[in-house]
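Here is the structure we will look at, set down as C-alpha cells.
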Amino acid sequence: SETADVNRYKAGEIDIVYTVPINQFAQLKKTMGDQLDVSPQLATYYYEFNTTRPPFNDPRVRRALNMALDKDIIAEKVLGQGQRPAWLISQPDIGGVKLHNPEYASWPREKRIAEAKKLLSEAGYNETHPLVFNLLYNTSESHQRIAIAASSMWKKNLGVEAKLQNQEWKTMLDAMHTHNFDAVRYAWIADYDDAATFLNNFRTGDSENTSQYSNPAYDEALRNAAKASDTTARGKFYQQAEDLLGQDVPAIPVYHYVRTHLVKPWVGGFTPDKLGYYYTKDMYIKKH
Numbered sequence: 001s002e003t004a005d006v007n008r009y010k011a012g013e014i015d016i017v018y019t020v021p022i023n024q025f026a027q028l029k030k031t032m033g034d035q036l037d038v039s040p041q042l043a044t045y046y047y048e049f050n051t052t053r054p055p056f057n058d059p060r061v062r063r064a065l066n067m068a069l070d071k072d073i074i075a076e077k078v079l080g081q082g083q084r085p086a087w088l089i090s091q092p093d094i095g096g097v098k099l100h101n102p103e104y105a106s107w108p109r110e111k112r113i114a115e116a117k118k119l120l121s122e123a124g125y126n127e128t129h130p131l132v133f134n135l136l137y138n139t140s141e142s143h144q145r146i147a148i149a150a151s152s153m154w155k156k157n158l159g160v161e162a163k164l165q166n167q168e169w170k171t172m173l174d175a176m177h178t179h180n181f182d183a184v185r186y187a188w189i190a191d192y193d194d195a196a197t198f199l200n201n202f203r204t205g206d207s208e209n210t211s212q213y214s215n216p217a218y219d220e221a222l223r224n225a226a227k228a229s230d231t232t233a234r235g236k237f238y239q240q241a242e243d244l245l246g247q248d249v250p251a252i253p254v255y256h257y258v259r260t261h262l263v264k265p266w267v268g269g270f271t272p273d274k275l276g277y278y279y280t281k282d283m284y285i286k287k288h
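FYI, the numbering for the sequence shown is 1 to 288, going by UniProt numbering.
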C-alpha cells in the first residue's frame with residue numbers, strides 16, 4: 001500500500017515512493033518537503049453520467065450539477081497536493097494547443113449556483129420533488145472523500161440527494177459497460193500528449209463511451225481535428241469539441257491530476273514527464 005511504501009522510505013529501505021497518500025501529504029510536506037516531488041500530469045478526474053436514462057438524459061440536470069460543484073474546494077481543501085480544478089475533459093495546455101474553459105467557469109460562485117437552480121427547476125426538480133440519484137465510485141479512501149464533498153455541495157447548493165455507492169474496480173467497470181449506473185467516478189490518464197486521447201472517449205459509439213453521449217457536431221469536430229494539417233487548426237476543432245462538452249456535460253470534469261513522489265536527495269535524474277513517465281536510463285545515485 002501507499003502508506004507501507006512511505007514507512008519503508010522512512011526506514012531507508014527504498015529511495016522513491018511512487019504515490020504519496022493524500023492523508024499524509026500535509027505532514028510530509030512539513031517534515032520532508034525537500035524530498036517531495038510534485039509534477040503535473042495529463043490526467044483528468046470526472047463524474048460521468050448515463051445520458052440515456054432519467055434523470056441524466058436531460059442536459060439541464062447535468063449542467064446544473066456541473067455548475068454547483070465547487071471544484072476549487074475539492075482541489076485545494078479535499079486534496080491539497082497541487083491538483084488544478086477542471087472545467088475541461090482534456091487539459092488547458094496539451095499537445096502544443098491552449099484550450100479555454102467554458103464562459104461559466106469564470107462566473108462568481110453565487111451566479112453559477114443561481115443558474116444551476118434555474119436549470120434544475122426548468123427540468124422539473126424542486127424542494128417537494130428533489131433530484132435523487134446514485135453516485136458510484138470504486139473503493140478508495142480518496143474517491144470516498146471527494147464523493148462525500150461533492151454530495152454535500154449538491155445538497156447544500158441545490159437540495160439534491162446523491163446517494164453514495166461504492167464497488168470494487170472490476171465490478172464498477174462492469175456496471176459502466178452494461179450502462180447500469182446513474183453517475184460514476186472515472187478518470188482518464190493520457191496515452192499521448194494530445195487532446196484526442198481524452199476527447200475520443202465521447203464519440204458516438206466509441207468503445208470507451210460508457211456515457212452513451214452522442215452529438216453529431218461533436219463527432220464532426222473530432223473528425224476535422226484528425227484531418228487538420230497543423231496544430232492551430234487542430235486546436236480550433238478541439239476547442240469546438242470542448243465547448244460542446246461544456247454545454248452538454250456528459251461528464252463533470254472535477255480536477256486535473258498531479259503526481260506526488262518522495263525522492264531521496266541522492267537520487268539524480270528523476271524527472272517525470274507530463275505523461276508521468278520517467279526513464280531509469282537517466283537516473284543515477286549520487287555519492288552520499
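The beta-carbon is built from N, C-alpha and C at its ideal position, and this holds for glycine as well.
DSSP, read as helix, strand or coil, puts ASN209 in coil.
Under the three-state reduction of DSSP, VAL78 is assigned to helix.
DSSP lists TYR284 as the bridge partner or partners of GLY268. Per DSSP, reduced to three states, the secondary structure at ALA183 is strand. Shortest Cα-Cα distance from GLY82 to any of ILE22, TYR192 and LEU222 involves ILE22.
Counting along the chain, PHE133 sits inside the beta strand (DSSP E) bounded by residues 132-138.
A residue is called buried once 16 or more other Cβ atoms fall within 10 Å of its Cβ, and ARG53, having fewer, is exposed. As the crow flies, the alpha-carbon of ASP93 is around 43 angstroms from that of THR128. Annotated as distal: ASN7 and ILE252, with beta-carbon spacing of 7 angstroms or more. Put simply, the stretch 134-143 touches the stretch 154-164. At least three CB pairs are less than 8 angstroms apart. If you ignore the 5 residues before and after TYR278, its C-beta comes within less than 7 angstroms of the C-beta of PHE270, THR271 and PRO272, all in its own chain and listed in chain order.
In terms of Cα proximity to ASP72, the closest of LEU99, GLY12, MET153 and THR3 is MET153. Counting along the chain, PHE198 sits inside no beta strand (DSSP E); it lies in the alpha helix (DSSP H) bounded by residues 196-199. Closest option to TYR255, judged by alpha-carbon separation, among PRO216, GLY96 and TYR186: TYR186.
For TYR192, the number of other beta carbons within 10 angstroms of its own is below 16, and it is reported as exposed. Here ARG84 carries a strand assignment [DSSP, helix/strand/coil].
The stretch 23-41 and the stretch 165-184 do not touch, with fewer than 3 CB-CB distances between them shorter than 8 angstroms. Taking C-beta separations shorter than 6 angstroms and ignoring five residues to either side along the sequence, the partners of PRO59 in its chain run ASP248, following chain order. The Cβ neighbour count for GLN27, taken over all protein chains shown within 10 Å, is under 16; the residue is labelled exposed.
Around the beta carbon of PRO55, 16 or more other beta carbons lie within 10 angstroms, which makes this residue buried.
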